[in-house]
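*Asks:* So that we are looking at the same thing, I have put the structure below in structure tokens.
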Amino acid sequence: MSAHPRSLVRRASDAVPPAVDRSGPSLVIGHFLPPCRHDHEVIEEAVAHSTSVDVLVLDHLGQRPDAATRRRWLAAVHPGASVEVVPDSGGFDPGAWDRVIRRASCVGDLGDLASLWPDLHPIVRAGLTRRIVVVGAESTGTTTLAGDLADRLSVPWVPEFLRAHAEERAAEAGSIWDVTWTPADFERVAAGQDELETEVLAAWVADATRSSPTARGPLVVCDTDALATALWSRRYLGAPAPGFLRRAAARPPALYLLTSPEGVDFHQDGLRDGEHVRGEMTSWFRTALRDQQVPWVEVTGGRSTRLERSLEVIDRLAGEPVLFSPPSLGEPSRR
104 MSAHPRSLVR RASDAVPPAV DRSGPSLVIG HFLPPCRHDH EVIEEAVAHS
154 TSVDVLVLDH LGQRPDAATR RRWLAAVHPG ASVEVVPDSG GFDPGAWDRV
204 IRRASCVGDL GDLASLWPDL HPIVRAGLTR RIVVVGAEST GTTTLAGDLA
254 DRLSVPWVPE FLRAHAEERA AEAGSIWDVT WTPADFERVA AGQDELETEV
304 LAAWVADATR SSPTARGPLV VCDTDALATA LWSRRYLGAP APGFLRRAAA
354 RPPALYLLTS PEGVDFHQDG LRDGEHVRGE MTSWFRTALR DQQVPWVEVT
404 GGRSTRLERS LEVIDRLAGE PVLFSPPSLG EPSRR
């Protein structure tokens, strides 16, 4: 991008910016690890006082979250700016620009996400929240485990949209056994599950105090996702829709928990028709989970045993590297 003699340039520092008039394009540069309140204020000030605003997200290999994710957050928060990713070559010289606006990028310890939480935009909070997804065949305790985990962790949980959709379809057909499932049903289920998750998570992170992460990190528990929808489509249509598996891979959770039918009696609630295929479907889940990259654990035993086992795994997850890597780490990306 070419320089403009009256461009507004932002680079992390401690100085307070001077007033800027709307006299030309502006440029805002940073790593945005993470994008904080001060970053957003600088960008919005640039938008308010410039004819156009370009935001450049500096990228090093190995940074977490990656630059594409940071770009997506900033673009969602600031639709009035053009946000792009550029490799950080280390050669930026702010003295070459006529005017430079500088302001602190973040306050707090990057290793202590709770201290940063109030300064993060809700979109960023939602993006940083780790999803724990519970999956399993019919009547294997998935909803029970999801609810128990959310209660113990004091975090929200996203219910299964498929159940609500099945209730509607059964009411229309007369019973669940009279429903003729179609690909459109599972497209609706996948979309509805995503919408429900977005709604639950947005409501949760809107309150920075309530959603402030504990030592386990920011978490949300999900009762199923698109990977499970792929297997339910296989159950009723004869083959898993590849689109659902790609959808799951595009938004991978932090962890999958697979509930085993072992030790769980089949409970008929008027919507279930798969007692005879619980074991087979569980095998499908095992195969699908082995074929993807997200860590997963199959939980067995009684209700309390499953809960404690799941918490142990989540605790190990919390011990993984911090969510943010400082700008000095890693090699510049090569594009």
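Counting in our numbering, the sequence shown runs from 104 upward without gaps. A virtual CB, placed ideally from N, CA and C, is assigned to each residue, including glycine. Given the structure is predicted, the values throughout are model-derived calculations rather than measurements.
Based on the DSSP secondary-structure assignment, which residues constitute the bridge partners of P128?
*Replies:* Indexing the sequence shown from 1 puts residue 128 at position 25. Its beta-bridge partners are S155.
*Asks:* Do W220 and R228 come within 8 angstroms of each other at the CB atom, strictly closer than that value?
*Replies:* On the sequence shown, position 125 is the one that residue 228 refers to. On the sequence shown, position 117 is the one that residue 220 refers to. Against a cut-off of 8 angstroms, the Cβ pair of W220 and R228 comes out as a contact.
*Asks:* Would you mind sorting S278 into buried or exposed? The rule is 16 or more other CB atoms within 10 Å of its CB.
*Replies:* Taking the first residue of the sequence shown as position 1, residue 278 is located at position 175. So S278 counts as exposed.
*Asks:* By the DSSP assignment, the alpha helix (DSSP H) with W399 in it spans what residues?
*Replies:* Residue mapping note: residue 399 aligns to position 296 of the sequence shown, counting from 1. From DSSP, W399 is part of no alpha helix (DSSP H) but of the beta strand (DSSP E) over 399 to 402.
*Asks:* Quick check: the Cα distance between V210 and A171, rounded to an integer number of angstroms?
*Replies:* On the sequence shown, position 107 is the one that residue 210 refers to. On the sequence shown, position 68 is the one that residue 171 refers to. A caution first: V210 carries a pLDDT of 45, below 50, which makes its placement in the model too unreliable to give a value.
*Asks:* Contact check, F289 vs A331 under 8 angstroms by CB: the rounded distance?
*Replies:* For the purposes of this step, residue 289 is taken as the residue at position 186 of the sequence shown. For the purposes of this step, residue 331 is taken as the residue at position 228 of the sequence shown. Taking C-beta atoms under 8 angstroms as the contact rule, F289 and A331 fail to qualify, at a distance of about 11 angstroms.
*Asks:* Taking a contact to mean a Cβ-Cβ separation below 8 angstroms, would you say L159 touches I132 in this structure?
*Replies:* Residue numbering aside, residue 159 sits at position 56 when the sequence shown is read from its first letter. Residue numbering aside, residue 132 sits at position 29 when the sequence shown is read from its first letter. Taking 8 angstroms as the Cβ cut-off, L159 and I132 qualify as a contacting pair.
*Asks:* Return the CA-CA distance between I235 and L322, expressed in angstroms with no decimal places.
*Replies:* Walking along the sequence shown from the start, residue 235 turns up at place 132. Walking along the sequence shown from the start, residue 322 turns up at place 219. Roughly 7 angstroms between the two C-alpha positions.
*Asks:* Helix, strand or coil: which one does DSSP assign to S185?
*Replies:* Translated into positions along the sequence shown, residue 185 becomes position 82. It is a strand residue.
*Asks:* Going by DSSP, which residues form a beta bridge with P190?
*Replies:* Here the question's residue 190 lines up with position 87 in the sequence shown. According to DSSP, P190 bridges with D162.
*Asks:* For S413, count neighbouring C-beta atoms within 10 Å of its own C-beta (all shown protein chains included) and say buried if the count is 16 or more, exposed if not.
*Replies:* Counted from its first residue, the sequence shown places residue 413 at position 310. Burial call: buried.
*Asks:* In terms of residues, what are the limits of the alpha helix (DSSP H) holding V303?
*Replies:* Taking the first residue of the sequence shown as 1, we reach residue 303 at position 200. V303 -> alpha helix (DSSP H) spans 286 to 308.
*Asks:* What does the alpha-carbon distance come out to for the pair F264 and S129?
*Replies:* By 1-based counting over the sequence shown, the position of residue 264 is 161. By 1-based counting over the sequence shown, the position of residue 129 is 26. If I take the Cα positions, the gap works out to 45 angstroms.
*Asks:* From this set, A294, P138, E271, which residue's C-alpha is nearest T283's C-alpha?
*Replies:* Here residue 283 refers to the residue found at position 180 of the sequence shown. Comparing Cα positions, the closest option is E271.
*Asks:* To the nearest angstrom, report how far apart I204 and G127 are at their CA atoms.
*Replies:* One-based indexing of the sequence shown puts residue 204 at position 101. One-based indexing of the sequence shown puts residue 127 at position 24. Only weak support is given to the placement of I204: the predicted model assigns it a pLDDT of 49, under 50, and the value that follows is read from those uncertain coordinates. Each residue's Cα considered, the two are about 15 angstroms apart.
*Asks:* In or out: E300 buried (at least 16 other Cβ within 10 Å) or exposed?
*Replies:* What you label residue 300 is simply residue 197 of the sequence shown in a count that begins at 1. Its Cβ being crowded by 16 or more others within 10 Å, E300 is buried.
*Asks:* Would you say D326 and T246 are within 8 angstroms of each other, going by their C-beta atoms?
*Replies:* Numbered from its first residue, the sequence shown carries residue 326 at position 223. Numbered from its first residue, the sequence shown carries residue 246 at position 143. Yes.
*Asks:* Kindly indicate which residue of H134, G346, Q395 has the alpha-carbon position closest to the one of P286.
*Replies:* Position 183 of the sequence shown, counted from the start, is the residue given in the question as residue 286. When only C-alpha atoms are compared, the closest one is G346.
*Asks:* Sort A179, A353, R350, D418 by Cα distance to P225 and report the nearest one.
*Replies:* As a position in the sequence shown, residue 225 is number 122, starting the count at 1. Measuring from the Cα of P225, the nearest candidate turns out to be A179.
*Asks:* By DSSP, does D215 sit in helix, in strand, or in coil?
*Replies:* Against the sequence shown, residue 215 aligns to sequence position 112. In this structure, D215 counts as coil in the three-state DSSP scheme.
*Asks:* Distance, Cα to Cα, R349 vs V237?
*Replies:* Taking the sequence shown and counting its residues from 1, the one referred to as residue 349 is at position 246. Taking the sequence shown and counting its residues from 1, the one referred to as residue 237 is at position 134. Those two C-alpha atoms are separated by around 18 angstroms.
*Asks:* Just tell me which of M384, W335, E365, L256 has its CA closest to the CA of I417.
*Replies:* Along the sequence shown, read from residue 1 onward, the residue named residue 417 stands at position 314. The candidate whose alpha carbon is nearest that of I417 is L256.
*Asks:* Tell me, which residues are paired with R233 by DSSP?
*Replies:* Reading the sequence shown from its first residue, position 130 is the one you call residue 233. According to DSSP, which records beta bridges pairwise, R233 is partnered with L322.
*Asks:* Taking just the CA atoms, how far does P316 sit from A357?
*Replies:* On the sequence shown, residue 357 is found 254 positions in, with the first residue counted as 1. On the sequence shown, residue 316 is found 213 positions in, with the first residue counted as 1. Taking the straight line from one Cα to the other gives about 15 angstroms.
*Asks:* Using a Cβ-Cβ cutoff of less than 6 angstroms, which residues in the same chain neighbour H268 once the five nearest sequence positions on both sides are dropped?
*Replies:* Your numbering for residue 268 matches position 165 in the sequence shown. Cβ neighbours of H268 beyond the five flanking positions: V292.
*Asks:* Using DSSP with H/G/I as helix, E/B as strand and the rest coil, what is G244?
*Replies:* On the sequence shown, residue 244 is found 141 positions in, with the first residue counted as 1. Coil.
*Asks:* Give the straight-line distance between the Cα atoms of A274 and R266, rounded to the nearest whole angstrom.
*Replies:* Here residue 274 refers to the residue found at position 171 of the sequence shown. Here residue 266 refers to the residue found at position 163 of the sequence shown. Going by the C-alpha atoms only, they are around 12 angstroms apart.
*Asks:* Is DSSP giving H334 helix, strand or coil here?
*Replies:* On the sequence shown, residue 334 is found 231 positions in, with the first residue counted as 1. First, the amino acid is wrong: residue 334 is Leu here, not His. Note: L334 maps to helix in three-state DSSP.
*Asks:* Compute the Euclidean distance between the alpha carbons of D254 and H141, then round it to the nearest angstrom.
*Replies:* For the purposes of this step, residue 254 is taken as the residue at position 151 of the sequence shown. For the purposes of this step, residue 141 is taken as the residue at position 38 of the sequence shown. Straight-line Cα distance between these residues: approximately 34 angstroms.
*Asks:* How would you write the range of the alpha helix (DSSP H) that L177 sits in, first residue to last?
*Replies:* Here residue 177 corresponds to residue number 74 of the sequence shown, with the count starting at 1. Segment 170 to 180, the alpha helix (DSSP H) holding L177.
*Asks:* Within 10 Å of its beta-carbon, does Q166 have 16 or more other beta-carbons around it, so buried, or fewer, so exposed?
*Replies:* Here the question's residue 166 lines up with position 63 in the sequence shown. Buried, because 16 or more other Cβ atoms sit within 10 Å of the Cβ of Q166.
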